[in-house]
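Enquirer:
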């Protein structure tokens, strides 16, 4: 008897949700593509590196919960990191001679999965908050000069997945096109060791949702 009651309750609940979604034309999940510009900043303890520019591109999906609230998930390809330089010196006889600067480019190539909750102030303008899961597919430090026999080295002691909490805004130009921007905070360290290494970054771009 209890089994049949649970099945009946489940059927009634499913029917109610389906009927509610039918009455709300905007409740259908939407998909799209997006891309844009990324600007990241990297810190070793209190030492802030020079910013790094890159692009991002990916796909998105949004599920409305109500007329004001929605959930969004994305899959993006991008790169974050920072740049720095150190003086290169050489001992010539009894003198130390400056040979210029050696530049380091820290590159974390990532597949990012941002998941966020969105709130629509008006039908075309929304704010979002969420967490971006950055899966590192490549971790490199590159230099213009040869260092230890190569210009590219593995960036060691970096976590496989980095977490970036973020806040953002989105504006719908029409039913298909939109622009958005979000900032990812450097609250969580990206490294496994004791050194405190963090990255924060801005993403701003355009997108297209299929109807």
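Residue numbers (the working numbering): 49 to 259. Quick reminder that beta carbons are idealized off the backbone N, C-alpha and C, glycines included.
(1) Within its chain, find whatever has a CB closer than 8 Å to the CB of residue 240; leave out the 5 residues flanking it on each side and keep chain order.
(2) If you count every other CB in all the chains shown that lies within 10 Å of the CB of residue 173, and 16 or more means buried, which is it?
(3) Does the Cβ-Cβ distance between residue 185 and residue 158 come in under 8 Å?
(4) From 229, 193, 168, pick the residue whose C-alpha is nearest to that of residue 135; which is it?
(5) Write down the C-beta distance between residue 128 and residue 100 rounded to the nearest angstrom, noting that I regard them as a contact closer than 8 Å.
(6) Report yes if the C-beta distance between residue 117 and residue 166 is below 8 Å; otherwise report no.
(7) Assuming residue 89 is part of the beta strand (DSSP E), what are its boundary residues?
(8) Starting from residue 102 and walking both ways along the beta strand (DSSP E), at which residues does that stretch end?
(9) Roughly how many whole angstroms lie between the Cα atoms of residue 247 and residue 213?
(10) Buried or exposed: where does residue 82 fall if 16 or more other Cβ atoms within 10 Å of its Cβ makes it buried?
(11) How is the beta strand (DSSP E) around residue 222 delimited, first residue to last?
(12) Out of curiosity, what's the CA-to-CA distance linking residue 109 and residue 148?
Expert: So, to answer that:
(1) 205, 206, 207
(2) exposed
(3) yes
(4) 193
(5) 7 Å
(6) yes
(7) 78-92
(8) 100-112
(9) 11 Å
(10) buried
(11) No beta strand (DSSP E) holds residue 222; DSSP gives it neither H nor E.
(12) 49 Å
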